[in-house]
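Residue numbers (our numbering): 5 to 242.
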């Protein structure tokens, strides 16, 4: 499998932490980073100003054929419907396996550079979150934390998250923040709630935050404030 390309935004102060942030389906690393960094906290600061010692790594999904749209696009795995993500799961597996391994490779390299998995966050929006949470769980080391926005579980669940395809890693002590807007017109909030319940079902500590508005994006400024609080709580320096 080819190595995933990455877009990097370097820290402006001494490097203390790294966050790996996965874009959504149909986007790409550079485009997502540019749009995401326009978001501001309630004090009007940008995330790069709040966390000057952070290195931001944005992996780019491979271009894959999307059967539903009948065209090629950047996507972590093919999917029949993001509104009903458990429909036709068999078409998701190949891309998900490849993408998860690619993200795990990046996690390993970045952890080695920064000097420990505990200094590394993984985050994702939409399909990027669905991919990132599997990579973080099966990586085998406890990360500083995971942040997910507007997403879903990539596999059907009852009370527990099933990861029999990969084998569950030992990272269940990793804290998780999940955010979802009630007016998300792409991924219904019920899908995000299922993700939250599934992770709690395997014993994870999950902070679930819902917002009245925000669409299929991060809520501003409250959602950004919640991300900042979460990162400062678990990065050991905030």
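All C-beta atoms, glycine included, are put in the ideal place defined by N, C-alpha and C.
Keep in mind the model is a prediction, meaning the values are calculated, not measured.
In the structure shown, what three-state DSSP assignment does residue i receive?
i           : result
residue 44  : strand
residue 147 : coil
residue 127 : strand
residue 183 : strand
residue 22  : strand
residue 76  : strand
residue 61  : strand
residue 152 : strand
residue 213 : strand
residue 55  : coil
residue 13  : strand
residue 36  : helix
Answer with buried or exposed for residue i, where buried requires no fewer than 16 other C-beta atoms within 10 angstroms of its C-beta.
i           : result
residue 7   : exposed
residue 67  : exposed
residue 234 : buried
residue 41  : exposed
residue 98  : exposed
residue 69  : exposed
residue 198 : buried
residue 135 : buried
residue 104 : buried
residue 37  : buried
residue 74  : exposed
residue 72  : exposed
residue 56  : exposed
residue 27  : buried
residue 127 : buried
residue 240 : exposed
residue 130 : buried
Please go through the same chain and pick out, in chain order, the residues whose beta-carbon is closer than 8 Å to the beta-carbon of residue i, but skip the five residues on each side of it.
i           : result
residue 87  : 190, 191, 192 and 195
residue 46  : 225, 226, 228 and 229
residue 113 : none
Short of 7 Å in beta carbon distance, which residues of its chain neighbour residue i, apart from the five on each side in sequence? Order them along the chain.
i           : result
residue 117 : none
residue 121 : 115, 145, 146 and 147
residue 132 : 26, 27, 28 and 80
residue 158 : 89, 96, 100, 134 and 138
Could you pull out every residue in the same chain whose Cβ sits closer than 6 Å to the Cβ of residue i, ignoring the five residues on either side in sequence?
i           : result
residue 125 : 23, 148 and 149
residue 60  : 13 and 23
residue 96  : 81 and 83
residue 108 : 139 and 143
residue 184 : 154, 193, 196 and 214
residue 32  : 64 and 78
residue 212 : 182 and 200
residue 208 : 176 and 180
residue 89  : 156
residue 106 : 8
Along the chain, where does the alpha helix (DSSP H) that runs through residue i open and close?
i           : result
residue 70  : Here residue 70 belongs to no alpha helix (DSSP H); instead the beta strand (DSSP E) covers 67-70.
residue 234 : 226-238
residue 97  : 97-118
residue 195 : 193-205
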